[in-house]
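Start counting the first sequence at 9; every next residue gets the next number (this note's numbering). Ideal placement from N, C-alpha and C gives every residue a C-beta, glycine not left out. Below you'll find the structure, written out as structure tokens, and then a few comments.
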Amino acid sequence: MMMDRRYSDEITPEMDGLKVTVAGWVHDKRKLGGLLFVVLRDREGIVQVTLPKKFVVPEVFETARGLTKESVIRVTGTVQKEDKAPNGYEIIPDGIEVLSPAATPLPLDPTGKVEANLDTRLDNRVIDLRRGEVAAIFKIRDTAIEAAREYLRSEKFVEVQTPRIISTSSEGGTDLFPVAYFEKEAFLAQSPQLYKQMLMGTGFDRVYEIATYFRAEEHDTIWHLNEVTAVDCEMAFIEDEGDVLVVIENLVAGMINAVRERCGKQLEILGRELNEPRLPFTRVRYDDAVKMIDEAGLKVPHGEDLTTEAEKKLGEIMKERGEELYFVVKYPLRIKPFYTMPDEDPVYSNSFDLEIKGREIISGSQRIHQYDLLVERIKKKGLNPDNFGSYLEAFKYGIPPHGGFGLGIERFIMTLLDLPNVREAVLFPRDRKRLTP
RNA sequence: GCCCUGGUAGUGUAGUGGCCCAUCAUACGGGACUGUCACUCCCGUGACUCGGGUUCAAAUCCCGACCAGGGCGCCA
């Protein structure tokens with residue numbers, strides 16, 4: 009049987025005189041001689057438990073006096089309307105039960121009075137997550153993912169799970185984490201890319217996966233993680249990448265709008281306001297992007313991928329035009345992975361990135377569905393077709409034209425909420441140096 | 001992988017050769033206080049990452065290790 013308890017926001021001053029049970033963590037304790045305040049925090053907020061020495065039984069007063077901060081308690085008492093109390097009511101307890109005492113001193117201050125470094129916070133993430141600002145990020149993340157599922161389901165995408173343990177590189181290039189897999193060589197998946205594409209040969213037509221994947225790159229920045237989660241989509245029977253862009257627009261707008269509509273409280277806690285996304289998102293050709301950045305005084309070598317600096321500059325230029333969300337399309341073919349469909353002009357490709365505020369959140373393309381072209385491109389990239397056995401095999405027996413993309417959830421949340429570090433958007437981040445908790 | 005910066009009580013910090021058996025805040029322990037809400041006030045506990053070196057003298061300078069922060073490349 010679950011405890012019969014109320015959340016702090018379910019109690020109102022109008023419940024004056026009613027007996028209730030609340031449970032949560034001791035947020036703060038203030039002692040004024042014969043008057044003691046215990047501020048209890050639960051998922052929805054705080055509730056003040058007030059103990060006038062003369063009106064509560066001595067044992068309850070003593071229990072309250074001995075409480076350490078962050079101990080888990082259950083309080084049963086009477087609601088009393090009180091203008092001087094937070095939320096307009098307080099609870100006069102009949103009983104206080106310590107469900108789990110907290111040791112002292114705490115490794116960090118959950119009230120946030122004394123700021124802690126991110127490293128200290130992550131070392132003590134469970135306590136860190138008790139802070140409203142931190143918890144708000146994950147409520148928003150939850151809502152964004154929920155909205156992504158809602159939209160993709162409504163568009164008849166099938167949710168799938170592809171293997172996390174793979175036998176060889178998905179795309180070449182990126183470093184993989186080796187796994188001890190009995191007598192065989194295996195790796196952690198760096199992306200569901202090849203499996204998503206193979207599923208285009210099944211008749212599912214549209215698939216998506218909320219996928220965790222692993223990058224063994226030794227990068228060490230506020231923008232990179234070694235374990236990331238993405239909304240990965242793939243759709244068949246498209247004309248070209250333009251069909252994919254429309255799905256992305258609706259998906260991203262849906263996610264942002266869901267957060268706007270359902271997370272008002274969390275956005276307020278974080279002090280953020282989100283602009284309503286304007287559809288359609290502008291498509292900027294790679295060539296034009298380079299030109300724009302060039303004209304802004306930053307030299308970019310044409311034909312190369314945009315540097316971080318160039319990407320930021322483009323973000324500034326677009327912001328001046330009132331655009332926070334935009335696509336960069338038609339990248340040069342030579343800087344894109346082997347499975348990327350070439351443009352009619354084969355210098356370019358049917359590829360795109362979605363940028364939010366000058367940061368790349370989504371990357372995708374129309375894919376190659378012709379077996380011969382795929383083999384040719386694999387070889388051109390200096391990879392060995394023999395390493396792509398079962399993947400290539402699928403392309404021999406009927407794969408419709410298709411395309412897709414991956415949306416980095418951590419990067420999306422970080423950019424959306426202007427978080428200073430991508431690690432803020434993961435419960436337990438994995439980076440170059442961190443493997444615990 | 002490359003480059004730069006840093007490591008002082010539980011937490012966050014001040015201190016850049018002697019003024020430091022180390023500053024302040026908060027936390028923690030004890031005490032006073034019946035309307036607090038960062039309560040207030042009094043008393044107390046608590047730290048120079050580690051190992052070498054330079055110097056009459058090292059938290060401070062040098063070397064190494066470990067740990068951390070930031071940037072680049074790469075990418076979600």
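Query                                                                                                                                                                   : Result
Tell me whether P66 is buried or exposed, calling it buried when 16 or more other Cβ atoms sit within 10 Å of its Cβ.                                                   : exposed
Considering only their Cβ atoms, is the gap separating V292 from I301 smaller than 7 Å?                                                                                 : no
Exposed or buried, what is P200 when buried is set at 16 or more other beta-carbons lying within 10 Å of its beta-carbon?                                               : buried
Just grab the DSSP bridge partners of Q374 for me.                                                                                                                      : G411
Between the region 240-248 and the region 404-420, are three or more C-beta pairs nearer than 8 Å?                                                                      : yes
For the alpha helix (DSSP H) containing G250, name the first residue and the last one.                                                                                  : E249 to R270
Is the beta carbon of E98 closer than 7 Å to that of P105?                                                                                                              : Checking the sequence, you will find Glu at residue 105 rather than Pro. Cβ distance not < 7 Å, so E105 and E98 don't count as in contact.
With a 10 Å radius around its C-beta and 16 neighbouring C-beta atoms as the bar for buried, classify S162 as buried or exposed.                                        : exposed
Starting from R129, trace the alpha helix (DSSP H) both ways and give me its first and last residue.                                                                    : L126 to D131
Which class does P66 belong to by DSSP, given the choice of helix, strand or coil?                                                                                      : helix
Taking only three categories from DSSP, how would you classify V298?                                                                                                    : helix
Please classify T423 as buried or exposed, where buried requires at least 16 other C-beta atoms within 10 Å of its C-beta.                                              : buried
According to DSSP, what are the bridge partners of A244?                                                                                                                : H410
Can you list, in chain order, the residues of its chain with a C-beta nearer than 6 Å to that of E235? Leave out the 5 residues immediately preceding and following it. : F222 and R438
Between T112 and the rest of its own chain, which residues show a CB-CB distance below 6 Å, the 5 nearest in sequence each way excluded?                                : T76
Would you list the one or two residues that DSSP bridges to W33?                                                                                                        : R49 and V80
Cβ of Y347 within 7 Å of Cβ of R375?                                                                                                                                    : yes
Among the candidates D228, T58 and Q198, whose CA atom is the shortest distance from the CA of F185?                                                                    : Q198
Express the C-alpha separation of Y203 and V239 in angstroms, rounding to a whole number.                                                                               : 14 Å
Do G366 and K320 come within 7 Å of each other at the CB atom, strictly closer than that value?                                                                         : yes
In three-state DSSP terms, what is R291?                                                                                                                                : strand
Apart from the five residues on each side of it in sequence, which residues of its chain come closer than 6 Å, Cβ to Cβ, to M263?                                       : A152, A155 and A156
So, under 8 Å CB-CB, L415 and I370 are touching, yes? Tell me the CB distance rounded to an integer number of Å.                                                        : 5 Å
Would you list, in sequence order, the uninterrupted alpha helix (DSSP H) runs of no fewer than 4 residues that lie entirely inside the region 89-142?                  : 126-131 and 133-136
I need the DSSP call for Q201, collapsed to helix, strand or coil.                                                                                                      : helix
With DSSP collapsed to three states, give me the class of Q56.                                                                                                          : strand
Where does S175 sit, in a helix, a strand or coil, going by DSSP?                                                                                                       : coil
Express the C-alpha separation of D380 and G451 in angstroms, rounding to a whole number.                                                                               : Since the first and last residues shown for the chain are 9 and 445, residue 451 lies out of range.
Using a Cβ distance threshold of 8 Å, determine whether the region 381-388 contacts the region 337-352, with at least three qualifying pairs required.                  : yes
Please state whether DSSP places P186 in a helix, a strand or coil.                                                                                                     : strand
Among the residues of its own chain, which have a CB less than 6 Å from the CB of M9, if the five just before and after it don't count?                                 : Only weak support exists for where M9 lies, its pLDDT of 48 falling under 50; the coordinates are left without a value.
Here's the rule: buried if 16 or more other CB atoms are within 10 angstroms of the residue's CB, otherwise exposed. What is K441?                                      : exposed
Beta-carbon separation of E225 and D183 under 7 Å?                                                                                                                      : yes
Who pairs with Y334 in a beta bridge, going by DSSP?                                                                                                                    : T290 and E363
Please determine, among L126, K61 and G74, the residue with the shortest C-alpha to C-alpha distance to N429.                                                           : L126
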